[in-house]
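In the UniProt record's numbering, the protein residues as written are 1 to 800.
Down below is the structure, laid out as structure tokens.
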Amino acid sequence: MIMPADLEDMIRRRYRSLFLLFFMLCSLSSQVISAVSARATLRASSSTNSSVVDSDLAALVAMKAALIDYKGILQSWNTSRGSACGGGWVGVKCEAGRIIAIHLPSKGLGGQLAAEIGQLSYLRQLSVHTNAITGAIPVSISSLRNLRGLYLFHNLLTGSIPASLSPVLQALDLSNNHLSGAIPTSLSTSALLRRINLSYNNLSSTIPSTFSSLARLQALLLSHNQLVGAVPDFSQLANLQTLDLSQNLLKGSFPALQQSSAGASQTGAIVHSSATSSSKELFPSLFTLNLSHNALTGKLPSQIGELSSLLQLDLSNNKFSGAIPPQLANITELSSLDISHNNFTGSLPSSLSSLGNLTHFNCSFNSLTGKVPKLRHTFLASAFVGNKGLCGFSPASLCALPPAPSPETGAANSSGEAAAASTGEKKKKLSALSIVFVVIGIVIVLFLLMCLCSLLFICCCRRSGESMAKAGFTGEKPGQAGGGKGEGAKREGDAPGGKLVHFEGSLGFLADDLLCATAEVVGKSTYGTVYKATLEDGNQVAVKRLREGIVKSQRDFEVEVTAVGAIRHPNLLALRSYYWGPKDEKLLIFDFMQGGSLAAFVHARGPETPLTWQMRMNIAIGAAKGLVYLHEEQKMIHGNLTSSNILIDAHQNAKLSDFGLSRLMTQAANSNVIATAGALGYRAPELTKLRKATTKSDVYSFGIVLLELLTGKAPGEGPSSGPTEGTTMDLPDWVASIVKQEWTQEVFDIELMKGRAPGDEELINTLQLAMNCVTLAPLERPEMSEVLQQLEQIKPDLKQ
Ligand SMILES: *[C@@H]1O[C@H](CO)[C@@H](O)[C@H](O)[C@H]1NC(C)=O
Ligand SMILES: *[C@@H]1O[C@H](CO)[C@@H](O)[C@H](O)[C@H]1NC(C)=O
Ligand SMILES: *[C@@H]1O[C@H](CO)[C@@H](O)[C@H](O)[C@H]1NC(C)=O
Ligand SMILES: *[C@@H]1O[C@H](CO)[C@@H](O)[C@H](O)[C@H]1NC(C)=O
Ligand SMILES: *[C@@H]1O[C@H](CO)[C@@H](O)[C@H](O)[C@H]1NC(C)=O
Numbered sequence: 001m002i003m004p005a006d007l008e009d010m011i012r013r014r015y016r017s018l019f020l021l022f023f024m025l026c027s028l029s030s031q032v033i034s035a036v037s038a039r040a041t042l043r044a045s046s047s048t049n050s051s052v053v054d055s056d057l058a059a060l061v062a063m064k065a066a067l068i069d070y071k072g073i074l075q076s077w078n079t080s081r082g083s084a085c086g087g088g089w090v091g092v093k094c095e096a097g098r099i100i101a102i103h104l105p106s107k108g109l110g111g112q113l114a115a116e117i118g119q120l121s122y123l124r125q126l127s128v129h130t131n132a133i134t135g136a137i138p139v140s141i142s143s144l145r146n147l148r149g150l151y152l153f154h155n156l157l158t159g160s161i162p163a164s165l166s167p168v169l170q171a172l173d174l175s176n177n178h179l180s181g182a183i184p185t186s187l188s189t190s191a192l193l194r195r196i197n198l199s200y201n202n203l204s205s206t207i208p209s210t211f212s213s214l215a216r217l218q219a220l221l222l223s224h225n226q227l228v229g230a231v232p233d234f235s236q237l238a239n240l241q242t243l244d245l246s247q248n249l250l251k252g253s254f255p256a257l258q259q260s261s262a263g264a265s266q267t268g269a270i271v272h273s274s275a276t277s278s279s280k281e282l283f284p285s286l287f288t289l290n291l292s293h294n295a296l297t298g299k300l301p302s303q304i305g306e307l308s309s310l311l312q313l314d315l316s317n318n319k320f321s322g323a324i325p326p327q328l329a330n331i332t333e334l335s336s337l338d339i340s341h342n343n344f345t346g347s348l349p350s351s352l353s354s355l356g357n358l359t360h361f362n363c364s365f366n367s368l369t370g371k372v373p374k375l376r377h378t379f380l381a382s383a384f385v386g387n388k389g390l391c392g393f394s395p396a397s398l399c400a401l402p403p404a405p406s407p408e409t410g411a412a413n414s415s416g417e418a419a420a421a422s423t424g425e426k427k428k429k430l431s432a433l434s435i436v437f438v439v440i441g442i443v444i445v446l447f448l449l450m451c452l453c454s455l456l457f458i459c460c461c462r463r464s465g466e467s468m469a470k471a472g473f474t475g476e477k478p479g480q481a482g483g484g485k486g487e488g489a490k491r492e493g494d495a496p497g498g499k500l501v502h503f504e505g506s507l508g509f510l511a512d513d514l515l516c517a518t519a520e521v522v523g524k525s526t527y528g529t530v531y532k533a534t535l536e537d538g539n540q541v542a543v544k545r546l547r548e549g550i551v552k553s554q555r556d557f558e559v560e561v562t563a564v565g566a567i568r569h570p571n572l573l574a575l576r577s578y579y580w581g582p583k584d585e586k587l588l589i590f591d592f593m594q595g596g597s598l599a600a601f602v603h604a605r606g607p608e609t610p611l612t613w614q615m616r617m618n619i620a621i622g623a624a625k626g627l628v629y630l631h632e633e634q635k636m637i638h639g640n641l642t643s644s645n646i647l648i649d650a651h652q653n654a655k656l657s658d659f660g661l662s663r664l665m666t667q668a669a670n671s672n673v674i675a676t677a678g679a680l681g682y683r684a685p686e687l688t689k690l691r692k693a694t695t696k697s698d699v700y701s702f703g704i705v706l707l708e709l710l711t712g713k714a715p716g717e718g719p720s721s722g723p724t725e726g727t728t729m730d731l732p733d734w735v736a737s738i739v740k741q742e743w744t745q746e747v748f749d750i751e752l753m754k755g756r757a758p759g760d761e762e763l764i765n766t767l768q769l770a771m772n773c774v775t776l777a778p779l780e781r782p783e784m785s786e787v788l789q790q791l792e793q794i795k796p797d798l799k800q
């Protein structure tokens, strides 16, 4: 795989001509300068004739006065240290007594540029970049008629750009300042300009269309401004190599790609331009085109394929729509293509697979559909995500059954025919023949696949059928398993019997994989039974089979489950897929958590497994983070937080499960859950009356979990030891009663007290926080964010 370094190299090669030219120019002028200044020095020593003309000297003195010289760099600008042109003055170059260059980059200069600069009428280069110069660019700079390079970038300049600049200006870099106002259209009178960098300012005009007359322009960099309007037609700029208009407010369509000489024929535009392209190339030198982060709309023209020298194309974060033209693949050297965050539709053209240098590609967040073609390099799934209909780019995004060949090949045909029309009829015949072959091929492959599938299916179901039936995973009694399976297999074979939908990060199994998986019951919750299922490839998933009759209608369910499936947070158990079976079985598929539930971990852990204070606090903080995210980012109430719903991953981090599930259920089912949670001792007391969970009732439940972690006792279970042994009591009540009797130490889990001084502040403070969470009055309970903050204060070393 080619790394960014290669890309850089490629660009460098492309840039070489530009660099070489600049280098030659610079070295030439510096040779002239050094030769001249050497001569000047010689002359100064022999005669007094060499002194700088008075007006230039006065200008330099004024310039020094206006600048703030924090580092004392300009101390050498002092008449008692020899003449300005004698070679003693830092950064000053002269020729025949005239200042021709001022070169003071990165000298820690503040202050302003004096208007007297305008008197240096022989000045060819002004370079004071990378300082902290404030104020406006003096308008008098316009009168420097010999200026070739103006480098003021990386300063704090404000105000606007002078209306016109030297007619012989070749490089203008004012980037990284605070310039505002318009880009003057009259800049185009500097007809020799090769490079314009105005990026990272606050310029707010349109891009002057007059720039299209800058025939020598090689780089136009206007990114990170507030530029508005449309992108002018720059197709005249035969020398343009880099065009960066990103991060502006540009509107309108993709820049015009028609030769203005191509005439007015609006109708056969495609045919017309492909005819002209043979005679004259469009943008023959353009290798970087960045239009990202604007508001450009419309389709990409098929002529984009004629930008044949392009290496980097970034169209991301716009509003482009329509299909991606297959002609894009005519840009054979393209190495970076980003079209993410647009509204492109249709499929990715299969022609993209011919782009051998494409090492960076991103089409995420569009409306693309179909199967991703085989690309030369592999890309992370994040390069494709956010397209509802796109599949085949990762193991998690397998395409459903045969990748719907009919519409795709149909589209390919029509575009193929359009191309064939211009080239001749020979191709047409060929493609007709090949279509016949392809169709025959598809039929045969399909037939073979079907045979293979049914064979595999029978095998796999026979092997795991018994365990499946035992687990009740498919909802059938063991006795019926055989008959039921046969029926199911048929359905899966002919038509999709059920609907399996994957969300981000899913393992991308097929429905058969799931239904044939070995499964064992790992828990039962209010919404249904939870299984651990081991897929064919050895991966494990947690499957929650929802109880019958508690779920909303299929349509409402799908809306809600899609919203829940989009929630991602390190402390929330991600919903990866769901399955709605032909007999209305509803399965939710989650990541399988190796550590089981917190309830099992705290209460049913073997003696050899330690549960240290560190681990308990880490779990508490993780769970709190998950809840804060739900409350504040998702505006969602958990409503059913118990230690059974807090799962522990392989690294002992907490992940909340069951959040958002109430949205999938009917009202009646949810009331039922609240009642059950109450029975388990996690229900806030106000819920008996209100029946509506709130963030504060979540805080109550969290407080109970915190008490569980501190005491090692399960709520509702009743204390098994201690002063009130034998009675059953609410966990908070029990804790309160002990604290009241000043036996506070008795509250804590014995394991926690090992090697710990009585009255340990961390334990006491956490206990106090837990008791605040379970106060009877909801309004007196803290918000989850405050709870999290306090936990992090108690154990700051755990803060990640
Ligand atoms: C010029 O230099 C002399 C001696 O180096 C110094 O005394 C004088 O203050 C300087 N003048 C200015 C304007 O910096
Ligand atoms: C243009 O200016 C920006 C900001 O100063 C800088 O990062 C970029 O390298 C410049 N580009 C060129 C080609 O000079
Ligand atoms: C940019 O200019 C606009 C007015 O055109 C002004 O409101 C805004 O504050 C400026 N932003 C910065 C960062 O200077
Ligand atoms: C994307 O395009 C589709 C159809 O052209 C349109 O319905 C949808 O509103 C567009 N979405 C955005 C975000 O522009
Ligand atoms: C693709 O773009 C998206 C959105 O800008 C970004 O989050 C993701 O990391 C990118 N992926 C790759 C592989 O560049």
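Beta carbons are placed, not taken as given, at the ideal position from N, Cα and C, and that holds for glycine.
Just so it is clear, the structure is predicted and the values come from calculations on it, not from any experiment.
- DSSP assignment within the stretch 774–800 yields no whole beta strand (DSSP E) run of 3 residues or more.
- Remark: the C-beta of A219 is in contact range of ligand 2, defined as less than 6 Å to any heavy atom.
- Here DSSP, grouped into helix, strand and coil, assigns Q170 to coil.
- Proximity to I331 across E306, Q247, L348, I141 peaks at E306, based on C-alpha coordinates.
- Our two residues, G639 and T694, have alpha carbons roughly 7 Å apart in a direct line.
- For S671, the CB contacts under 8 Å within the same chain, skipping 5 residues up- and downstream, are R691 in chain order.
- When secondary structure is reduced to three states using DSSP, K552 falls in the coil class, being assigned neither helix nor strand.
- With 5 Å as the limit, the residues whose C-beta approaches any heavy atom of ligand 5 more closely are S340, N362, S364, L380, S382, A383, in sequence along the chain.
- For S701, the enclosing alpha helix (DSSP H) stretches over residues 695–711.
- DSSP, reduced to helix, strand and coil, places E520 within a strand of the structure shown.
- Looking at the DSSP output, S180 shares a beta bridge with N202.
- Rounded to the nearest whole angstrom, the C-alpha separation of S253 and L147 is 36 Å.
- Comparing alpha carbon positions, the residue from M665, Y682, N653, V602 closest to I750 is V602.
- As DSSP reads the structure, C391 sits in a beta bridge with K371.
- Counting along the chain, R195 sits inside the beta strand (DSSP E) bounded by residues 195–197.
- Closest option to S340, judged by alpha-carbon separation, among N317, S347, L352, L647: N317.
- Between ligand 2 and N357, a heavy atom-to-CB distance of less than 6 Å is absent.
- Collapsing the DSSP output to three states places E632 in a helix.
- Counted as a single uninterrupted DSSP element, the alpha helix (DSSP H) harbouring L731 occupies residues 731–740.
- Judged by DSSP in its simplified three-state form, S597 adopts strand.
- For N177, the distance from the CB to the nearest heavy atom of ligand 2 is not below 6 Å.
- In the DSSP assignment, E95 falls within the unbroken beta strand (DSSP E) covering 92–95.
- Counting only the Cα atoms, L198 lies some 14 Å from Q170.
- Between the alpha carbons of P208 and L179 lies a distance of about 17 Å.
- Close CB contacts of G159 within its chain, under the 6 Å cut and outside five residues either way in sequence, are with A136 (chain order).
- Sequence-distant Cβ neighbours of K71 in its own chain, meaning closer than 7 Å and more than five residues away, are K107, G108.
- Boundaries of the alpha helix (DSSP H) around A59: 54–66.
- Taking 6 Å as the cut-off, one finds no heavy atom of ligand 2 near enough to the beta carbon of F211.
- With the rule of 3 Cβ pairs closer than 8 Å, the stretch 319–329 counts as touching the stretch 291–302.
- Taking a C-beta distance under 7 Å as the contact criterion, G498 and A517 do not qualify as a contact pair.
- In this structure, the CA atom of A624 is about 12 Å from the CA atom of E632.
- Nearest C-alpha to A668 among K713, V735, V551: V551.
- Relative to the non-hydrogen atoms of ligand 2, the Cβ of F393 never comes closer than 6 Å to any of them.
- Relative to the non-hydrogen atoms of ligand 2, the Cβ of N387 never comes closer than 6 Å to any of them.
- DSSP places D244 within a strand segment (E or B) once states are collapsed to three.
- Judged by beta-carbon spacing, G181 lies beyond the 7 Å limit of T206, meaning their Cβ atoms are not closer than that value.
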